[in-house]
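Under the working numbering, the residues of the sequence shown are numbered 5 to 140, in order. Idealized CB from N, CA, C, for every residue including glycine.
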Amino acid sequence: AERELLALEGLDVRVGRLPFVYGEGDPHLAQSLMWAKNWAATQRLHMGHHADVAQGLLRILHAPGIAGRIYNIADDTPVTAVELHQLNGAEVPEELYTRTDPDPWLAITSTDRIRRELGYRPLFPSVYAARDAGAL
């Protein structure tokens, strides 16, 4: 879909790619255990708080001269399957430790471009920062 939109002439297309989004009153963090329970212990997930996703999208929307560019929006600290269980106060299944991560970079994105070109800096650089700020 991105390629088709970017190929259209005369449109000011800007793409913001979102991570796993969580935040205040959002059940996504708890729902993550539906799949994290089947992962390897070290398998990681890149996330972003609602506030940071909104900030990133607004920067993309209002920046001049960026038509045709794609930006990844995410926090600074991907979390592991073990951390997802711990954040949810759930017991970590022993079988997670016997599994191998099929691709350590699968759900990891680079935010270099949005940082460099649009000045993006997450308000909550990690889910732990959001938790400590009472923003879960």
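How big is the Cα-Cα spacing for S130 and P68?
-> 29 Å
Own chain partners of Y101 with C-beta closer than 7 Å, once the 5 adjacent residues on each side are dropped | A45
Let me know if R7 comes out buried or exposed under the rule of 16 or more other beta-carbons within 10 Å of its beta-carbon.
-> exposed
Hey, out of L15, V83, P106 and I64, whose CA is closest to Y124's CA?
-> It is I64 whose Cα lies nearest to the Cα of Y124.
Whose C-beta lies closer than 6 Å to the C-beta of L127 among residues of the same chain, with five residues either side of it excluded?
-> A55 and D56
Run through DSSP, which three-state label would T84 get?
-> strand
Who are G20's beta bridge partners in DSSP?
-> Y75
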